[in-house]
Structure formats: C-alpha cells, structure tokens
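Just so you know, the protein sequences line up as chains C and L, in that order.
Mapping to the working numbering: the first sequence position 7 is 7, numbers consecutive.
If you want the working numbering, it's the 1-based position in the second sequence plus 1000.
C-beta atoms are modelled at their ideal positions from N, C-alpha and C, and glycine is treated no differently.
Notes follow once the structure below has been shown.
Protein chains: 2
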Amino acid sequence: MARPVVHNDSLRQDLLAVAADLVDSNGPARVTLRDVAAAAGTSTSAVYSLFGGKSQLLTAVVDNGFSSFRDSQLAASGGLMELGVAYRAWALEHRALYRLMFGGALAAYVDCQPSPGAAADAMQPLKDAVASAQSAGILVEAPVELVAVAIWGQVHGLVSLELAQMGRPDADWAAVYSMALDAIARGWTAE
Amino acid sequence: MARPVVHNDSLRQDLLAVAADLVDSNGPARVTLRDVAAAAGTSTSAVYSLFGGKSQLLTAVVDNGFSSFRDSQLAASGGLMELGVAYRAWALEHRALYRLMFGGALAAYVDCQPSPGAAADAMQPLKDAVASAQSAGILVEAPVELVAVAIWGQVHGLVSLELAQMGRPDADWAAVYSMALDAIARGWTAE
DNA sequence: TCAGTTACATAACGGTGTTATAGAACAAGG
DNA sequence: CCTTGTTCTATAACACCGTTATGTAACTGA
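Here it is as structure tokens:
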C-alpha cells in the first residue's frame, strides 16, 4: 500500500469540535478554514478530503448541534413547560450555534441546508408531549404535527428575538418568556 | 473649485435599491460590492464615499427594510389579526430581506447592527393595537411593551420557521399560521 | 491658457475558499 | 538494503472578495 491515512474519523471529530467551538465563540462569519485547520493541527486539505468544503463542514456542525439540542429536549421530556424552559436554556448556551441552526443564517451564508431529518428528530419530544397532552384532554384537538410546529414556532420566535437583541436593551427576557409560555399554553388549551 | 460631484444622494438611493434587490434575489452571501457598483453604473469607491463600507451599506438596506415593513404595518393598522396577516405577507414578499432584518443574519455576517430604533418604530402599530385592545378589556392586563414583544416573538417565530424551511416540505404553513394566530389571540385574551 | 484643486475610476493589497501539484511515507520486489 | 511504485497530504497557486492607495480626469479662477 502507501503512506498511512491521517485524515481519519478521529480527525473528522476534532475538526467538527473545533469548528463548532469557533462558530460559538466568534460567530460563523469569523470562522475560516485556515483557522479551523490550524486549531486541529492539520491543513485545509483535511476539510476537503473529510467533508468536501466549508459549507459541508458547517452543515455537519449544524447537524451535530441538532443532535445536542435533541438530547437536551429528551432530558427535559415530560411536560410542555419543561420542554419550553429547556429550549431557551439550550439556545442561550449555544447562541451562535442556535442562530446557525434555526435562524436561516446558514442558508444565507452558503448554498446548503442541514439534513431535514435533524430538525424533525429534535422536535420529537415536543410532538410526544403534544400527543400526550391531547389524549389527556388538556390540549385542543388538531393534527399533532400542526400543533407542534406552531408551538415550536412561537417559542423559537421569542428566543430568536432575544438572541437578535431586538426590543429594548433593558428588556427582561426571562419575564417575557415566562409570560409567553403561559399564554401559549392557554392558547392551545382545550376549552 | 473642482470636478462636479457624482457620488451624490441620487446615486446613494440607486445603490440602496440595487443592494436591496440583490439581497432579496440572491441572498446576502452572494452580494458583492463589485456587483452592486456595476449594477448601479459606478465603481466600488461610491460605496465607500457614500456609506463607508459594505457593512454600513447592508445596515442601510436593513434600515430601509424596517421602514418599508413599518409602512406595511401602518397600512394594516386596526385589529391584531390584520397586523398578523400583514406581517406574514410582507415577510413572504421580502424573504431574504426579512432574514437579514430579523434573523440575526446580519450580525452573523459583519460587525454591525441596524439602528435599534428602526425595529422599535416598526412595532409601534402592534403596541398601539395591544394598548387599544387592553383598554377595550379584550386583552390581558400587563405592560404593553411586554405583551407586544411577546406577541411579536410568537408571530416572528412562525414566519421564521417557514422561511427557514423547517418542518415537513409539504407543510401547510398558511393553515399553521392561521391556527397559531387564533391560539395567540386566545392565549392573551382577558379572562 | 494654464495651474490648482477636488473627485473618482483604477490598480494594488491582504486574506478568503478552493484546486493543483510536488513531495513525503510506506509496501513489495530485486 | 535499496529501488520502485503507489497513495496520501502539506504546500503553493488561483480567482475573488473587501478595502485602501494612487494616478488621472474634470472643472474653476486668474
């Protein structure tokens, strides 16, 4: 054969971790392949042989982010309120990554979009909670998919506004979020 | 004196229009100063003498977008439902611009942020409608600012998910949006 | 007519993602 | 043990970006 392979799966994981780290600390715009490669102790070629290019690397980072987010939602499974609280907590811990995942920022950067299944999988705990609340007669009767995506959208929007620093600088987002969660629950309650 | 000025306010408006057009058709990532300048029949120097750089140009585009959005909201003033319908309609007509304005995409691109007042001004019709509904005893009693930003967030999230193409490809977003508007109204109704 | 002065298009610069290439690192055969 | 062959990867080259510096075009006043 020939010289041993260094661009292996271990390096792939390293690159993913380094890239996610840089995205979260500097924002996606400040992430360069040369920086990622240097931080992982390799050259930019590794990104091309392991991912195909920058956009694929970022896509993989986003998919990883959805996986981490799903884990967080799974850990909070139970009531709708717990899911909502965990949702904002995860987003605040991974601000730049959240924007990259949900804000459509990735699509605005490069021609690519994350695996469609990743987002759907991450929302499974929410769908389960909706179905459970419906069968308990607590939630309005409507297609689970529809109710879940609507609730998701409402929660996402609040978090998104907070991360985008819309509204007044002195806004008490925790209070807004808390009241809004109550309002969302009331809005979808079975009469 | 010296040679006549060509980098004037008329050219400034042309550059703004061209840039907004390119953002809306190609997305912000594909907008280059060379393209903008060429489409406006000038050179990249114009962007620097009139705006200061690319980030300032994009900021101005965003500010203009907020202005157009505010006009749309003003035209729909009256009920909360009308505002909500107009909100989504404007966003669907200016997809890339909406993402640039609300998605935090701009902050992810360049070091700048739109004038804080622009977003606040655009939300004035919503605040007025909230205050009006409260004094009519229809809406729950709570600080106007808080209720308005919460409703804004909920609506924004739904539109944002739709623009980011989250959820199933065959999702009926119009139906989701319609049901969600009802749920939002119910959630904030005075008991 | 011709300096003098102002304004802008053009060219140059550093840095980006991407691609091409030259050489390094090993296995097998003499 | 050296040579050859093959495979892999770090490096250098390329095109393009935002930005800055510069040379020249355009007009005024004497």
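Check, Outcome
"Quick one: which chain L residues come within Cβ less than 7 Å of residue 179 (chain C)?", "1142, 1146 and 1150"
"Which bits of chain C does residue 1158 (chain L) rub up against, with CB to CB less than 8 Å?", "150, 153, 154 and 157"
"Are the C-beta of residue 188 (chain C) and some C-beta of chain L separated by less than 8 Å?", "yes"
"For residue 1057 (chain L), which beta-bridge partners are listed by DSSP?", "Answer is none; residue 1057 (chain L) lacks a bridge partner."
"Any beta-carbon of chain C closer than 8 Å to the one on residue 1081 (chain L)?", "no"
"To which residues of the same chain is residue 1014 (chain L) closer than 6 Å at the C-beta, ignoring the five residues directly before and after it?", "1040"
"Distance cutoff 8 Å, beta carbons only. Does residue 139 (chain C) sit that close to anything in chain L?", "no"
"Among residues of its own chain, excluding the 5 on either side of residue 1151 (chain L), which ones have a beta-carbon nearer than 8 Å to its beta-carbon?", "1080, 1126, 1130, 1184 and 1188"
"Quick one: grab the DSSP three-state call for residue 42 (chain C).", "coil"
"To the nearest whole angstrom, what separates the beta carbons of residue 1091 (chain L) and residue 1176 (chain L), a pair I think is in contact under 8 Å?", "Not a contact, Cβ separation roughly 14 Å."
"Examine the Cβ distances between the region 27–37 of chain C and the region 46–56 of chain C and report whether three or more of them are shorter than 8 Å.", "yes"
"Strictly below 7 Å CB to CB, what residues from chain C border residue 1176 (chain L)?", "146, 149 and 150"
"Quick check: what's the CA-CA separation for residue 1078 (chain L) versus residue 1102 (chain L)?", "23 Å"
"What does the alpha-carbon distance come out to for the pair residue 100 (chain C) and residue 1024 (chain L)?", "19 Å"
"Could you check whether the Cβ of residue 946 (chain L) sits closer than 8 Å to any Cβ belonging to chain C?", "This structure gives no information on residue 946 (chain L), because the portion of chain L shown stretches from 1001 to 1191."
"Less than 8 Å separating the beta-carbons of residue 156 (chain C) and residue 1161 (chain L)?", "yes"
"Please look up how many angstroms separate the CB atoms of residue 1138 (chain L) and residue 1190 (chain L), rounded, as I've assumed it's under 8 Å.", "6 Å"
"For residue 121 (chain C), which option in L:1173, L:1002, L:1016 and L:1166 has the closest C-alpha, if you only look at C-alpha atoms?", "L:1166"
"At the 8 Å Cβ level, is residue 1102 (chain L) part of the contact set with chain C, yes or no?", "yes"
"For the region 100–165 of chain C, list the beta strand (DSSP E) runs that are entirely contained and at least 3 residues long, ordered along the chain.", "none"
"State yes or no: is the C-beta of residue 86 (chain C) within less than 8 Å of the C-beta of residue 72 (chain C)?", "yes"
"Using CA atoms only, rank isn't needed, just tell me which of L:1118, L:1047 and L:1148 is closest to residue 1018 (chain L).", "L:1047"
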